[in-house]
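These notes concern the structure reproduced below.
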Amino acid sequence: MTDTDQIPFDLYAYTRSAVAAAAAATSTTAATIVNAGIGWQYDGIPGSDGSNNGSDDNPAIPLPNQRAFEGPWFSQQLSLSIFIGLTSFFIFVIVRRRNAALFAPRTKLKGFSPLDDGHDSGYFGWIMPTLKTEEMRILQTVGLDAAILLSFLKMGFWLFFSLSCWSILVLMPVNYWQNGVLDGVSPAEDRDNATDPSALRETVTGVWTQLIFSSLKNKHEHPKEPLPQLPLPAKPAQAQLYHATHLLSTYLVTLLAMRAIWINYQRFVRSRQLYILEILESIPARTVEIRDLPAHLRDEKALAEYFENMDMPVESTAVVRNTEGLSRLLNQRSNALQQLEKTWVRWLGNPSDAEGYDPEKIMLLAAGAHHEDLPSSDVTDDLVRVSVDDDRTQRESRDDEESAQLLGGTESNHVFNGADTIRTHRPRPTMRKQWWNPFSEKIDAIDELTRQFNAVDRQVRRRRKVGRFPGGNVGFVTFESAASAQIASQTVHYPMPAYCATSMAQEPRDIIWSNIDLSNNDRRVRQVLVSIFMVAVLVFYIPPLVFLASFVSPGAIKKYAPWLDRLLDTDQRLRALVQNNLPSLVVIGFNALLPLVLEYSSYLQGLKARSLVEYSLLKKYYLFLMVSVVFIFLIATTAWGVLQELAENPMRVIDKLAASLPKARFFSLSYVILQGIALQPLQLLQLPTLILRGFYRLFLTRTPREFAELNAPPTLAMGNVYPQALLIFTLCILYSIVSPLIVLFGTVYFGIAYVVNKYKLLYVFYKPYESQGQAWPISASRCIWALVLFHIFQFSLFSVRKELWMSSGLLPLIVFTFWFNGHLETTFGPLTHHVNLSSVVEVLKEREADPGVAELAQNGPPSVARADVAEGVVSTDPSAVSAVGNGNNGGRSGSMTPSGSRSRQLLSLDPSHKMDREFTKLALARYSHDEEDDTLFVAQRDTKTDYREPPGAGYYPGVLNTGRRRYGHPAITGILPELWLPIP
């Protein structure tokens, strides 16, 4: 079996994520199609640097950001966006209460507790509870990743709100005073063609060439002058104030952005530290991953003894083993089970109205026929457990359920289907005895598929019980103390180089088990191949796209399809539709495929965790968006032409920035308007999920298992959410001076995005694993590079305007920005990957001294219950009552911080914050090792499914996604799905 065969794949789960990615990609080019559809004009010159609008001789098309915006385009764009946004909003408030499984599926999760009963009190009852929910509550009820996303959106809102005030009060009046328009580009500059090679003095290269060599020229022309003179043109005071305001605005934008990034980084580090301290007793917080294990440590007991000899008590170990043969059997079992369930549904229907049909009786017969006395030795007995004392043995016995035998196999040839007493008008399904021979004997399909399933099921269970799986080069060690895990992950503990590379482990549900044990050489080869593929996509993506789109340009239609040209002449609206929208549809089609390719390439790259795949997609997709939206002028021609031009004169890149970016400011402004006002409210309707779910429900979904997986809550895909927000952040920073209006609509975008994503995080999305907020460091670095691009852009503008002193004044700012980026990594880098040991030890010491703190660390702070007691409200939570008894003076327990209790202050996150333990039950259930390892999704039974088993899609082929908390390989220890019959 190849590695790609083991990638967790389910048709619906992958298609749902694919459609979500396609929707994100479609929104990227939605501005283009709307811009083209409302009658904006383009007045390019045929054949001029790829910016023509098509002709008979050169049937090319203009790039989206090279269109000229004429007429009332701003009012049209704003009106259209408001119409789409308000329509989407009102449709959502009407249909939200009628279909909670679609618009609030998180409420179906076991342990879900709404923060406010008003969320379902009326059509608009969800708005105020969503707005009032504090971020600390988001952190405790949803998770760290959700809190960090909302923190980033909130940062963007306040940053651009501050810049909007500056733009309205200072920048726009100065621009209007100088140029007669609100933009920081004069109409005369718009008419200039700065890319004309003959206009050397109007380019950055020409201006600075004049600055450098003018001294030599002046020396020969004026030999009597003692020093070389730089001929600087005298500017009127009004122009000087105009340029000085732009320079001051550049510094202000940079400093405000840096301040926002710094404050958000502090908030991220604090939230991350405190969040991990809350789950300090969880298994992931006490587990490290060791890669490149030497041969003598590729055994569970030897690995445990290795760390215990260093006075690090070990609770359990697991060495990732080679399960290729077992994985193949699990796939066969899963396919046989699905075919059998579909055959039952084909016979009885779902729901079934057959007489005498008793699914419980049939399942009881199946379970009774499965019992067999298999050998008692189990490889999983010594896979994960290392007994040290009686106390730990009791805890291990509770966790062994994951690797326990569910149902035995049988060698009996008796077919047990319990179908003898069923009476229905439908005939029993039949099948050919030999599937490849259409003339072979017909046999009963249910009996035959039951035999096939039993046979492969026996092989799987026997292989799990008596098989021996060789150990790999990766292992997981769970310590008794989180402090030991932190020490092991931050120290060098093996004497030989290139062995035992140790880091904190990802959560078990986050791991891609087919990639976890790849060798370093294999991973490097994959990385190189994927990098080459990415470069090829970035370099050669746009030219073929422009080439294909050119076939629907006016010149191409007239040349290659004259009959269509005559047809278009009959109706100008039809011609406008074809000429303006079809090229954009080509772009949308290409962009819709790209995130799917990028995500799959991340799996093939060998990344070991799903969160790493998400962040790899974040980086790649953001890079693509930047190239296709901001730097599209660099790849508008052939890649070889770009490379040749840059080799001759690298400063031409800055020339292109100065010439192309100001012309694209209208496109960027319209893009931000559409994204913020129209598409963000549209996301509340979840159209991709709605369309995909409707299609599957009508044509593909038939069995109870398929309906249960169809209704499972969607997972928040960070790789699709962050790139679009980062692109808006970049555009708003980049054009904050030349188009000040953009920061106003950037404020609107981040404000609406904050509310929309906050609602979806509270009531729609559920993420079964946490990546501990690692999206923020990635996003922060992209924000810094947006500032660098902004500085280069302003430097090029000042240069072409011959404002050399102003452009020189930006050089220290560029240097300072690079220093700030490094300073961020130096200051916050260690705390983004580890938890400070002092707080860990302090919490653990007090846990040993006070059992109440141990409960606090495991289950979260019950501060609301204690506050209710203080206010005279009787709490029904026994743990909350116990906490009150341990507080200071009983009645003053509204605060989480008894005197002298440092760890209680740490774990409470905010002493004044009130949080009921019931609210945190769902989030903390992902880490509890006291509960059964079953599904978190428990919904009310409906006519199509009873949710008797957790979904198995998207985790590991052939096993159920049960919310695993141990690090045993799911092929060996995962729970197997059983027959799921139609609903009576």
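The opening position of the sequence shown corresponds to residue 48 in my numbering, with each subsequent residue numbered one higher.
Don't be surprised by glycine CBs; every beta carbon is placed ideally from N, CA and C.
Only residues of its own chain outside the window of five on either side were considered, and among them V367, G519 and V521 have a CB closer than 6 Å to the CB of D564, listed in chain order. As DSSP reads the structure, R338 sits in a beta bridge with V521 and A548. Burial state of E850 is buried, judged by a 10 Å Cβ sphere holding 16 or more other Cβ atoms. Between I775 and L834, the C-beta gap is not smaller than 8 Å, which leaves the two residues out of contact.
Here N767 really is in contact with P642; their C-beta atoms are around 7 Å apart, less than 8 Å. Where I861 is concerned, the enclosing alpha helix (DSSP H) starts and stops at L851 to H880. A residue is called buried when at least 16 other Cβ atoms come within 10 angstroms of its Cβ; N146 does not meet this threshold and is exposed. Here I558 carries a strand assignment [DSSP, helix/strand/coil]. By the Cβ-count criterion, C212 is exposed, with fewer than 16 other Cβ atoms from all chains shown falling within 10 Å of its own Cβ.
Assignment of R470 by DSSP, reduced to helix, strand and coil, places it in the strand class. T364 is bridged by DSSP to V524. For the 8 Å CB-CB criterion, L210 and V790 form a contact.
In the three-state scheme derived from DSSP, where H, G and I count as helix and E and B as strand, M478 is classed as strand. The C-alpha of R749 is placed about 44 Å away from the C-alpha of Q124. By the Cβ neighbour-count rule, N484 is exposed, with fewer than 16 other Cβ atoms within 10 Å of its own. The residue from T477, L860 and V802 with its alpha-carbon nearest to that of L178 is V802. By the neighbour-count criterion, in which a residue is buried when 16 or more other Cβ atoms sit within 10 angstroms of its Cβ, R380 is buried. Listed in chain order, the non-local C-beta contacts of R153 below 8 Å within the same chain comprise F159, P760, L809, Y810, V811, F812 and Y813, local neighbours out to five positions each way being set aside. Exclusion of the five residues before and after I493 leaves L387, T390, W391, W394, N464, A466, R475 and P476 as the residues of its chain whose Cβ lies within less than 8 Å of its Cβ. In the three-state DSSP reduction, A656 falls in the strand class (E or B).
Here the alpha carbons of G999 and F746 stand approximately 21 Å from one another. In this structure, F842 is the residue among F842, R848 and G869 with its C-alpha nearest to the C-alpha of P859. In this chain, the alpha helix (DSSP H) harbouring I780 covers M765 to L781. Distance check between S828 and each of V795, P735, N222 and W309 places W309 closest, using alpha-carbon atoms only. A residue is called buried when at least 16 other Cβ atoms come within 10 angstroms of its Cβ; L294 meets this threshold and is buried. With a 10 Å radius around the Cβ and a threshold of 16 neighbouring Cβ atoms, L350 comes out buried. Counting only runs of 3+ residues, the beta strand (DSSP E) found wholly inside the stretch 352 to 401 occupies 361 to 368, in chain order.
Cβ neighbours of T879 within its own chain (closer than 6 Å, five residues either side excluded): P824. S198 and N311 have their C-alpha atoms roughly 7 Å apart. Counting of Cβ neighbours within 10 angstroms places H838 among the buried residues, the total reaching 16 or more. The beta-carbon separation of L585 and V674, rounded to 6 Å, stays under the 8 Å limit for a contact. With a contact defined as Cβ atoms closer than 8 Å, F139 and L732 qualify at about 6 Å. The three-state secondary structure of K489, taken from DSSP, is strand. Assignment of alpha helix (DSSP H) within the stretch 163 to 199, counting only whole runs of 4 or more residues, yields 174 to 179 and 182 to 188 in chain order. For V228 against P234, the beta-carbon gap comes to about 7 Å, under 8 Å, which counts as contact. For Y668 and K480, the gap between their C-alpha atoms comes out near 49 Å.
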